[in-house]
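Asker:
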Amino acid sequence: MKRLVPLIIAICAGFVLIIANFIPYAQEWGSTAQEWFNILAVGAMVLGGGNLIKLHLMKVSAKNKGWGYSVVTIGCFFATLVIGLSKMGVHPNPIYPDYDWSGYYLEEGSGLWWIYEHMVVPLTSMMFAMLAFYVATAAFRAFRAKNTEATLLLVTAGIVLLGRTYAGVWLFGWLPESMEWLRFDNLTVWIMDIPNTAGTRAITIGIALGVVATSLRILLGVDRSYLGQD
Amino acid sequence: MKKENQSNGLIWAVVFAIGAIMLIWSMSTSRTGQVWVTPVEHAFTETGVDEDGNAQWASIDAADATVGDIEWTTYSVVPDSQLTPELMESGTVSLSWSRTIGLWLAAIFTLFILSFLVGDNPAYKFAEAMVVGTSAGYVMVIGLWDVFVPNLLGKLMPGLVQSFALPGIEGSHQEFWWLYFIPAILIVMLLFQLMPSGGWISRWPIAFFIGITAGYRMIGYVEADLVAQIKAGIEPLVAFNGDGGFALWPTVNAFLLTIATLAAMVYFFFSIEHKGLVGKTARVGIWFLMITFGASFGYTVMGRIALLAARLEFLFGKWLHFIPSHIDFSFAAHLDWIILLQLM
Amino acid sequence: MYQFLKNLDRRWIFLSMLLAVAIPILMRIAFPEVVSKQAKMVFDAVESIPDGSNVLLSFDFDPASEGELLPMAQAFTRHCSAKGHKQYYMALWPLGSPMVDKSLDTIRAEYPDLEYGIDYMKFDYKAGGEAVIRMITTDLRGMFPLDSRGVSLDDIPMTKNIKNIQDMDLIINVSAGDPGTKQWVQFASTPFGITTVSGCTGVQAPQMYPYIPKQLAGVLGAIKAAAEYEAAIDEVYPEIAANPKAQEAKRRMGPQLVAHSLMVGLIIIGNCIYYVGRKRGDV
């Protein structure tokens with residue numbers, strides 16, 4: 028019950044999808060399975076939120092170091108949830124003005140919109156933007172031309188960095204027409220089209236082989252690691 | 106440690122001094138951090154009833170609205186460029202406190218995250234805690250309104266969903282509607298993961314997830330990343346021009362592409378020891394892979410800088426109103442000076 | 005000098021990066037763009053299909069990548085609007101729906117003649133990523149019973165005859181990761197042969213090159229390609245060229261150039277320190 032049923036579910040679900048891909052008659056089964064999968068993905072979102080709150084509540088109750096920040100996380104989570112689910116500040120849909128709950132939950136001026144615009148956007152986007160600083164220090168401290176491989180990487184990075192700006196055109200703008208291919212912007216195009224495509228293609232084929240092998244192991248019941256220990 | 110603290114203090118002092126000067130200057134010369142809005146009236150009147158007995162509504166001018174009509178007001182932002190003193194005095198626009206506070210909060214949160222560059226600090230940790238909480242809540246709200254309500258509740262209880270949230274949805278049950286109890290039960294089972302005991306119950310929906318994902322991935326990767334890529338790799342090695350003549354460079358490139366792909370694949374083939382010809386080929390493969398990683402690095406840097414530029418534009422533009430409205434393309438003529446200055 | 009650079013506090017590098025990006029923004033420095041091969045391929049893919057073709061635009065990114073991808077997404081919207089294509093918008097990321105809203109705002113403000121439901125429309129976010137793509141290739145209504153305004157697809161003029169996305173003439177995907185371009189290639193473009201172009205982040209762009217030209221008709225990689233695409237549009241559509249809002253990516257190339265030069269400078273200086281150190285036996 029604990030291991031056999033989930034094993035059968037995984038094998039059946041996978042094969043239904045594969046069969047639906049090749050047999051038109053079974054396409055309907057595939058569509059149904061996909062629909063369930065998409066609905067279940069929301070369950071995974073709820074589970075994720077639940078797990079987050081559980082962890083932070085445990086941190087608060089144990090008064091672990093930094094528990095105050097956990098209170099902030101929990102507070103923000105529930106505030107967003109209540110404001111969003113209650114559609115606070117949302118007007119009805121103009122097509123159905125007599126249905127109070129029919130409006131767009133992210134309508135401009137609404138509560139969830141305010142949270143999104145003034146909290147989610149600046150916080151998430153700045154977090155990612157910070158990488159620009161760290162990549163600069165990495166370039167200064169870690170990028171060393173120690174051997175042929177590292178030198179190739181560095182030179183390529185330099186050419187692409189300059190070639191993907193106007194500097195690529197400007198730096199070698201004096202070259203005669205017959206030598207124009209040496210301009211950094213043209214070299215960048217060549218690097219992307221030939222060596223990059225070759226390297227990435229090899230990686231892509233390698234990953235594909237790995238994914239197919241892993242999928243087959245799951246579908247044939249050889250890999251059962253997702254069932255846990257007991 | 107002492108030297109680092111001194112350096113920390115100096116950097117903080119410089120940052121605060123520059124920030125304060127910019128803020129004071131900006132506030133004295135423009136409407137820094139202010140958001141002005143203008144009201145937009147909406148009014149609807151009932152025009153009749155459709156064949157299903159639902160009321161039909163039409164949009165009308167708010168001035169013509171009477172008792173029984175539905176009315177509300179929304180506010181749209183007035184761009185700074187249109188905000189003249191005459192307009193402000195006319196009373197048709199007003200300062201939006203909620204949006205102004207929001208704008209300041211957004212700027213402060215951006216600075217909180219930025220403060221991590223000087224070192225870990227409570228402001229950063231506070232912002233980090235907020236981003237986790239709000240993002241998780243937001244994603245859950247969207248999942249529930251966009252998927253759970255129309256795609257699950259709308260199938261199991263179409264009448265209820267139609268009557269309160271989605272009037273456009275089909276109001277009666279579809280054929281085999283009861284099948285949707287299965288994903289509903291699977292969701293409940295999935296949530297058993299949160300329980301101290303009975304976690305094994307969640308294995309059923311997880312197994313469903315794994316099975317479907319394995320099926321998808323297998324189909325997708327075999328077709329697009331294996332067969333199609335091998336096919337794309339088998340190209341004619343000799344290229345010809347449009348007029349049928351031999352094309353030297355395209356031929357060289359075709360050779361190079363094929364050899365480089367094979368060499369890089371040999372490097373990933375670990376079942377044979379990398380010695381002799383195989384070792385040499387693998388080494389050539391590594392060189393091409395290094396060029397690939399170098400190109401990836403260049404592109405990654407480009408992306409990260411674009412994100413930083415967007416955030417600084419927010420701070421200098423939307424918040425501080427510093428950015429001039431015209432773009433100066435003449436700098437292309439002075440690129441040598443820009444690069445020289447930077448090197449200095 | 006050697007000792008100073010060797011022990012340089014990394015925060016000075018942070019500061020130099022901040023200034024390298026901030027100063028060009030404040031001075032509004034911009035540079036001319038030369039349209040590259042990829043940008044031309046993407047432009048041609050949108051331009052070459054007949055006016056009024058069905059175009060599916062999936063904006064699979066969130067605010068974290070907005071700075072890099074929104075100018076590209078807006079350029080696609082303007083190009084499709086100017087061509088009069090029927091635009092079907094969707095988002096596979098939970099935070100991606102507001103990115104689509106920005107494009108709808110652009111259409112409303114700059115192309116008031118275009119009408120919702122006739123010329124453009126939006127689908128809501130749906131969870132499931134690649135499963136959503138796979139499903140709408142055969143059954144659109146199973147996934148999207150309604151549009152984003154809650155109206156049945158059968159009551160919307162531009163969707164009532166659409167059975168699945170095989171009815172699309174072109175797919176435009178603006179992608180920041182997974183689900184994104186790779187999944188569109190795997191589940192829509194390759195099995196059904198639907199012409200697809202992609203605009204993606206710099207991190208993703210090199211990984212998309214093997215799919216060109218058979219599985220992808222072109223790729224715009226990061227902000228530079230967006231600027232080139234804007235330049236390509238400007239050459240054909242003077243009304244877009246005259247719109248300052250349509251020059252967003254070109255404007256961003258000012259800070260890019262200065263910051264890229266700084267990066268190259270840092271790599272060179274870092275290596276000089278390494279070689280001097282090696283000569284002195286310091287490494």
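Protein chains in written order, with my numbering: chain C, 28 to 257; chain X, 106 to 449; chain A, 5 to 287.
Ideal Cβ placement from N, Cα and C applies to all residues, glycine included.
Note that this is a predicted model, so its numbers are computed, not measured.
Nearest-angstrom Cα distance between X:Ile-213 and X:Trp-424?
Answerer: As a working mapping, residue 213 of chain X is identified with position 108 in the second sequence. As a working mapping, residue 424 of chain X is identified with position 319 in the second sequence. Rounded to whole angstroms, X:Ile-213 to X:Trp-424 spans 10 Å at the Cα level.
Asker: Using a Cβ cut-off of 7 Å, pull out every chain C residue sitting near X:Met-395, in sequence order please.
Answerer: The sequence position of residue 395 of chain X within the second sequence is 290, counting from 1. In chain order: Glu-176, Leu-179 and Leu-180.
Asker: For A:Met-45, which option in A:Leu-19, A:Leu-99, A:Leu-174 and A:Pro-217 has the closest C-alpha, if you only look at C-alpha atoms?
Answerer: Taking the first residue of the third sequence as 1, we reach residue 45 of chain A at position 41. For the residues A:Leu-19, A:Leu-99, A:Leu-174 and A:Pro-217, the minimum Cα distance to A:Met-45 belongs to A:Pro-217.
Asker: Could you give the DSSP three-state label for A:Leu-96: helix, strand or coil?
Answerer: By 1-based counting over the third sequence, the position of residue 96 of chain A is 92. Three-state DSSP puts A:Leu-96 in coil, outside helix and strand.
Asker: Can you check whether the C-beta of X:Ser-401 is within less than 8 Å of a C-beta belonging to chain A?
Answerer: Here residue 401 of chain X refers to the residue found at position 296 when the second sequence is read from its first residue. Taking Cβ atoms only, chain A reaches closer than 8 Å to X:Ser-401, which makes this a yes.
Asker: Quick one: give me the first and last residue of the beta strand (DSSP E) that X:Gly-153 is part of.
Answerer: On the second sequence, position 48 is the one that residue 153 of chain X refers to. Run containing X:Gly-153: 141-154, per the beta strand (DSSP E) assignment.
Asker: Distance check for A:Gly-56 and X:Gly-304, CA to CA, integer angstroms please.
Answerer: Residue mapping note: residue 304 of chain X aligns to position 199 of the second sequence, counting from 1. Residue mapping note: residue 56 of chain A aligns to position 52 of the third sequence, counting from 1. If you take the alpha carbons of X:Gly-304 and A:Gly-56, they lie about 53 Å apart.
Asker: Please tell me whether A:Phe-330 and A:Ser-107 are closer than 8 Å, where the distance is taken between their beta carbons.
Answerer: The requested residue 330 of chain A is not part of the displayed model; chain A covers only 5 to 287.
Asker: Are the beta-carbon atoms of A:Ile-176 and A:Gly-121 separated by less than 8 Å?
Answerer: Counting from one through the third sequence, the residue named residue 176 of chain A turns up at place 172. Counting from one through the third sequence, the residue named residue 121 of chain A turns up at place 117. Taking a C-beta distance under 8 Å as the contact criterion, A:Ile-176 and A:Gly-121 do not qualify as a contact pair.
Asker: Pop quiz: A:Gln-187 and A:Gly-133 are said to be a contact at Cβ under 8 Å. What is the actual Cβ separation, rounded to whole angstroms?
Answerer: Start at 1 with the first residue of the third sequence, and residue 187 of chain A comes out as number 183. Start at 1 with the first residue of the third sequence, and residue 133 of chain A comes out as number 129. Confirmed, Cβ separation roughly 6 Å.
Asker: Name the residue from X:Val-198, X:Gln-334, X:Ala-414 and X:Leu-420 whose alpha carbon lies nearest to the alpha carbon of A:His-264.
Answerer: Position 260 of the third sequence, counted from the first residue, corresponds to residue 264 of chain A. For A:His-264, the nearest C-alpha among the options comes from X:Ala-414.
Asker: Any residues in the stretch 158-170 of chain A with a beta carbon nearer than 9 Å to a beta carbon of chain B? Which ones, in chain order?
Answerer: The chain labelled as chain B is not found among the protein chains of the depicted structure, namely C, X and A.
Asker: For X:Phe-231, return the contacting residues in chain C, with the cut-off set at a CB-CB distance below 8 Å.
Answerer: If you number the second sequence from 1, residue 231 of chain X lands on position 126. Under the 8 Å cutoff, chain C gives Tyr-96 and Val-99.
Asker: So, are the CB atoms of C:Val-117 and C:Tyr-131 less than 8 Å apart?
Answerer: Counting from one through the first sequence, the residue named residue 117 of chain C turns up at place 90. Counting from one through the first sequence, the residue named residue 131 of chain C turns up at place 104. Contact annotation: C:Val-117 and C:Tyr-131 have beta-carbon atoms nearer than 8 Å.
Asker: Pick from C:Leu-112, C:Leu-246 and C:Ala-163: whose alpha carbon is nearest that of X:Asp-251?
Answerer: Reading the second sequence from its first residue, position 146 is the one you call residue 251 of chain X. Of C:Leu-112, C:Leu-246 and C:Ala-163, the residue nearest in Cα terms is C:Leu-112.
Asker: Closer than 9 Å, Cβ to Cβ, to anything on chain X: give me those residues from the stretch 116-127 of chain C, in chain order.
Answerer: His-118, Pro-119, Asn-120, Pro-121, Ile-122, Tyr-123, Pro-124, Asp-125, Tyr-126 and Asp-127
Asker: Between the alpha carbons of X:Ala-344 and X:Val-357, how many angstroms are there, rounded?
Answerer: Position 239 of the second sequence, counted from the start, is the residue given in the question as residue 344 of chain X. Position 252 of the second sequence, counted from the start, is the residue given in the question as residue 357 of chain X. Distance between the alpha carbons of X:Ala-344 and X:Val-357 is about 9 Å.
Asker: On the CB-based measure, 16 or more other CB atoms within 10 Å of its CB, does A:Gln-208 come out buried or exposed?
Answerer: In the third sequence, counting from the first residue as 1, residue 208 of chain A sits at position 204. With 16 or more Cβ atoms within 10 Å of its Cβ, A:Gln-208 is classed as buried.
Asker: Just curious, the alpha helix (DSSP H) that A:Val-50 is in, first and last residue?
Answerer: In the third sequence, counting from the first residue as 1, residue 50 of chain A sits at position 46. Where A:Val-50 is concerned, the enclosing alpha helix (DSSP H) stretches over 41-52.
Asker: On the DSSP bridge assignment, give the partners of A:Leu-224 in chain order.
Answerer: The residue you call residue 224 of chain A lines up with position 220 of the third sequence. Answer is A:Gly-203, bridged to A:Leu-224.
Asker: For a contact meaning CB atoms closer than 7 Å, what does X:Ser-240 contact in chain C?
Answerer: As a position in the second sequence, residue 240 of chain X is number 135, starting the count at 1. Those within 7 Å of X:Ser-240 in chain C are Val-147 and Thr-151.
Asker: For the stretch 197-210 of chain C, enumerate the residues whose C-beta is nearer than 7 Å to any C-beta of chain X, in chain order.
Answerer: Trp-197
Asker: At 9 Å on the CB atoms, spell out the chain C contacts of X:Pro-272, in chain order.
Answerer: Here residue 272 of chain X refers to the residue found at position 167 of the second sequence. The contacting residues are Asn-120, Ile-122, Tyr-123, Asp-125, Tyr-126 and Ser-129.
Asker: Is C:Thr-224 helix, strand or coil when you go by DSSP?
Answerer: Within the first sequence, residue 224 of chain C is the residue found at index 197, counting from 1. C:Thr-224: helix per DSSP, three-state reduction.
Asker: Nearest-angstrom Cα distance between A:Pro-102 and A:Phe-65?
Answerer: By 1-based counting over the third sequence, the position of residue 102 of chain A is 98. By 1-based counting over the third sequence, the position of residue 65 of chain A is 61. Between A:Pro-102 and A:Phe-65, the C-alpha separation is close to 10 Å.
Asker: When you compare the CB of X:Thr-143 with every CB in chain C, is at least one pair closer than 8 Å?
Answerer: Taking the first residue of the second sequence as position 1, residue 143 of chain X is located at position 38. For X:Thr-143, not one C-beta of chain C is nearer than 8 Å to its own C-beta.
Asker: Within 8 Å of any Cβ in chain A, is that where the Cβ of X:Val-140 sits?
Answerer: Taking the second sequence and counting its residues from 1, the one referred to as residue 140 of chain X is at position 35. With respect to chain A, the C-beta atom of X:Val-140 has no partner C-beta closer than 8 Å.
Asker: Give a yes or no on whether 8 Å exceeds the smallest Cβ distance from X:Leu-417 to chain A.
Answerer: Here residue 417 of chain X refers to the residue found at position 312 of the second sequence. By this cut-off, X:Leu-417 is an interface position.
Asker: List, in order along the chain, the chain X residues whose C-beta lies closer than 7 Å to that of A:Val-155?
Answerer: Counted from its first residue, the third sequence places residue 155 of chain A at position 151. Taking a Cβ-Cβ threshold of 7 Å, the residues of chain X close to A:Val-155 are Gly-273, in chain order.
Asker: I'd like the list of long-range same chain contacts for A:Lys-10, defined as Cβ closer than 6 Å, with 5 residues on each side in sequence excluded.
Answerer: Numbered from its first residue, the third sequence carries residue 10 of chain A at position 6. Around A:Lys-10: Ile-277.
Asker: When you compare the CB of X:Thr-405 with every CB in chain A, is at least one pair closer than 8 Å?
Answerer: Here residue 405 of chain X is taken as the residue at index 300 of the second sequence, counted from 1. Chain A, which has a Cβ nearer than 8 Å to the Cβ of X:Thr-405, makes this yes.
Asker: Would C:Ala-240 be called buried (16 or more neighbouring beta carbons within 10 Å of its own) or exposed?
Answerer: Within the first sequence, the letter at position 213 stands for residue 240 of chain C. Exposed, by the Cβ-count rule.
Asker: Where does X:Leu-200 sit, in a helix, a strand or coil, going by DSSP?
Answerer: As a working note, residue 200 of chain X is residue 95 in the second sequence. Three-state DSSP puts X:Leu-200 in a strand.
Asker: Looking at C:Phe-211 and C:Gly-226, is the spacing between their C-beta atoms short of 8 Å?
Answerer: For the purposes of this step, residue 226 of chain C is taken as the residue at position 199 of the first sequence. For the purposes of this step, residue 211 of chain C is taken as the residue at position 184 of the first sequence. When the beta-carbon positions are compared, C:Gly-226 and C:Phe-211 stay at least 8 Å from each other.
Asker: Can you pull the chain A residues whose beta carbon is under 8 Å from the beta carbon of X:Val-236, in chain order?
Answerer: Sequence index remark: in the second sequence, residue 236 of chain X carries index 131 (1-based). Against chain A, the beta carbon of X:Val-236 has no neighbour under 8 Å; the closest one sits roughly 10 Å away.
Asker: Could you pull the start and end residues of the alpha helix (DSSP H) that C:Ile-218 belongs to?
Answerer: Reading the first sequence from its first residue, position 191 is the one you call residue 218 of chain C. That run of the alpha helix (DSSP H) goes 211-218.
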